[in-house]
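See structure below.
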Amino acid sequence: MVELLENISDEKLKEELLKISDPEIPVLSVFDLGVIRKIDVIDKDVNIELTPTYSGCPAMDTISMDLKIAIESLGYKANINLVLSPAWSTDWISEEGRQKLEAYGIAPPLEESLDAKALIEGERIVKCTNCQSTNTIMVSQFGSTACKALFKCEDCLEPFDYFKCLK
Amino acid sequence: MNDNLYRYLLILGDNSMILGQRLSELCGHGPNLETDIALTNISLDLFGQVRSYMQYAAKIKGGETTEDSVAYLRSERDYYNTILVEQENTDFAYVIARQFFFDAFHKPLLEQLMNSKDETISAIAAKSIKESKYHLRFSSEWMRRLGDGTEESHSRLQNAVNDLYAYCMEFFQETEVEKNMKENGIGADLELVKVSFLKTINEVLPQAGIEYKDIKFRYANGKQGMHSEKLGYILSDFQYIQRAYPNMTW
Chain A
439 MVELLENISD EKLKEELLKI SDPEIPVLSV FDLGVIRKID VIDKDVNIEL TPTYSGCPAM
499 DTISMDLKIA IESLGYKANI NLVLSPAWST DWISEEGRQK LEAYGIAPPL EESLDAKALI
559 EGERIVKCTN CQSTNTIMVS QFGSTACKAL FKCEDCLEPF DYFKCLK
Chain B
574 MNDNLYRYLL ILGDNSMILG QRLSELCGHG PNLETDIALT NISLDLFGQV RSYMQYAAKI
634 KGGETTEDSV AYLRSERDYY NTILVEQENT DFAYVIARQF FFDAFHKPLL EQLMNSKDET
694 ISAIAAKSIK ESKYHLRFSS EWMRRLGDGT EESHSRLQNA VNDLYAYCME FFQETEVEKN
754 MKENGIGADL ELVKVSFLKT INEVLPQAGI EYKDIKFRYA NGKQGMHSEK LGYILSDFQY
814 IQRAYPNMTW
């Protein structure tokens, strides 16, 4: 269960909040992604602190809007505060989130030094999401979104996204 | 103090904004798909940073000011970006060289701003530096590839560097506003940024086999609002929607 939601008594509200996902990666809830830092419910006010992943990420406006709609549909008032510091890091993606990413076809981020080896030195260590082989090469440092790089598996030839380490 | 801070935010934000706009012109026109995506992603990162600066600038200005009015509704002389970032996308070598020089300056600038006494600026810098590292990695790699590539790619990159490196010292010419901000512990010490910048240049350009030691610096004063004619063309594109349909929102 998501820790941030433990103190919320309204089950319906919890349920609605858990449905909010990243529009670019719909399998990840905003809690898996780790962008929600704090939720307080005081009477009919729901106060949320939201941290952006990348500064220009267009998903942030959508997430913010989705939260607002979900919360206000239940008769609450949503106060969403964008907090920049401390800055989001891929370490904030939950373990469950990492598994969901991989199942969805996006290789989850490696830790910082390995990430640099994969992206700069071209070491073959990123695991293919299709066949699990690590015989993979980087095609482009920037993928379909700023947070991902494009890889290709040399064994099964499947192209796939790799979620870059951001620290 | 607040006037200085407002102006300082524009100096910081306008560089990223005008370069972001230049890069966005390449959307759908990159030399190949991966590079096209990379350049527009960099543009998006820069615009994300710009939003944070402009939101903060609007808050300081107060009244009716919004992030959009700060970004879109100034006249040419009220933009304070450096001359380098308004240079055209002449060819891919120009795009890469311009990006490389900017990144080599931007990363150490953000490193310093992370220690700013102003909490919003330090938060924006801490966020942006992570992105800036990726940008520098991308542009440095392409500098090496073009410089050490074919005769054609080498000569194009050499031309681009001859033209663009000449503008780079403007980054480090401290204006009154930057001096004031530095003395108040808010702004960066540009002398220190320059040390880091030159370290990157002295490492990457020789690896790329590019000559640069004899390039003469050109006088440039974009940070005081004195621009080349190129900015006007950028702004006429950039401001079109807000000027044609005032107060339009998404």
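Each protein sequence line maps, in turn, to chains A and B. Taken in order, the first sequence gives residues 439 to 605; the numbers are from our numbering. Taken in order, the second sequence gives residues 574 to 823; the numbers are from our numbering. Ideal placement from N, C-alpha and C gives every residue a C-beta, glycine not left out. Remember, it's a predicted structure, so these values are computed and weren't measured experimentally.
Check, Outcome
"Does the distance from the CB of LYS538(A) to the CB of LEU466(A) come in under 7 Å?", "yes"
"Any C-beta of chain A within less than 8 Å: which residues of the segment 621-651 of chain B qualify?", "GLY621, GLN622, ARG624, SER625"
"Give me the residue from LEU657(B), VAL777(B), MET687(B) with the minimum Cα distance to MET716(B).", "VAL777(B)"
"Could you compute how far the alpha carbon of PHE589(A) sits from the alpha carbon of ILE615(B)?", "19 Å"
"So, does the CB of GLU684(B) fall closer than 7 Å to a CB anywhere in chain C?", "Protein chains in the displayed structure are A and B, and chain C is not among them."
"My output table needs one value for CYS600(B): the three-state DSSP class, helix, strand or coil.", "coil"
"Look at the Cβ atom of THR693(B), then the Cβ atom of TYR626(B), and state whether they are nearer than 7 Å.", "no"
"Identify which residue in ASN735(B), ASP609(B), SER689(B) has its Cα closest to the Cα of ARG789(B).", "This sequence places Lys at residue 789(B); Arg is not what is there. Nearest of ASN735(B), ASP609(B), SER689(B) to LYS789(B), Cα basis: ASN735(B)."
"Could you tell me the distance, in whole angstroms, from the CA atom of THR491(A) to the CA atom of GLU747(B)?", "33 Å"
"Can you list the residues of chain B that LYS605(A) reaches, using a CB-CB cut of under 8 Å?", "LYS703"
"Counting beta carbon pairs with one atom in the segment 561-569 of chain A and one in the segment 581-598 of chain B, are three or more of them shorter than 8 Å?", "no"
"Could you tell me how far apart the beta carbons of SER493(A) and SER701(B) are, in whole angstroms, since I believe they sit closer than 8 Å?", "6 Å"
"Would you say ASN588(B) lies against chain A (beta-carbon separation less than 7 Å)?", "no"
"Establish whether the CB of ALA516(A) and some CB of chain B are separated by less than 7 Å.", "no"
"Does any C-beta atom of chain A lie closer than 7 Å to the C-beta of GLU776(B)?", "no"
"Between the beta-carbon of LEU443(A) and the beta-carbon of LYS457(A), is there less than 7 Å?", "no"
"List the whole-angstrom C-beta distance separating ALA677(B) from LEU730(B), where the pair is believed to meet the contact cut-off of C-beta under 8 Å.", "With a Cβ gap of about 15 Å, ALA677(B) and LEU730(B) do not count as contacting."
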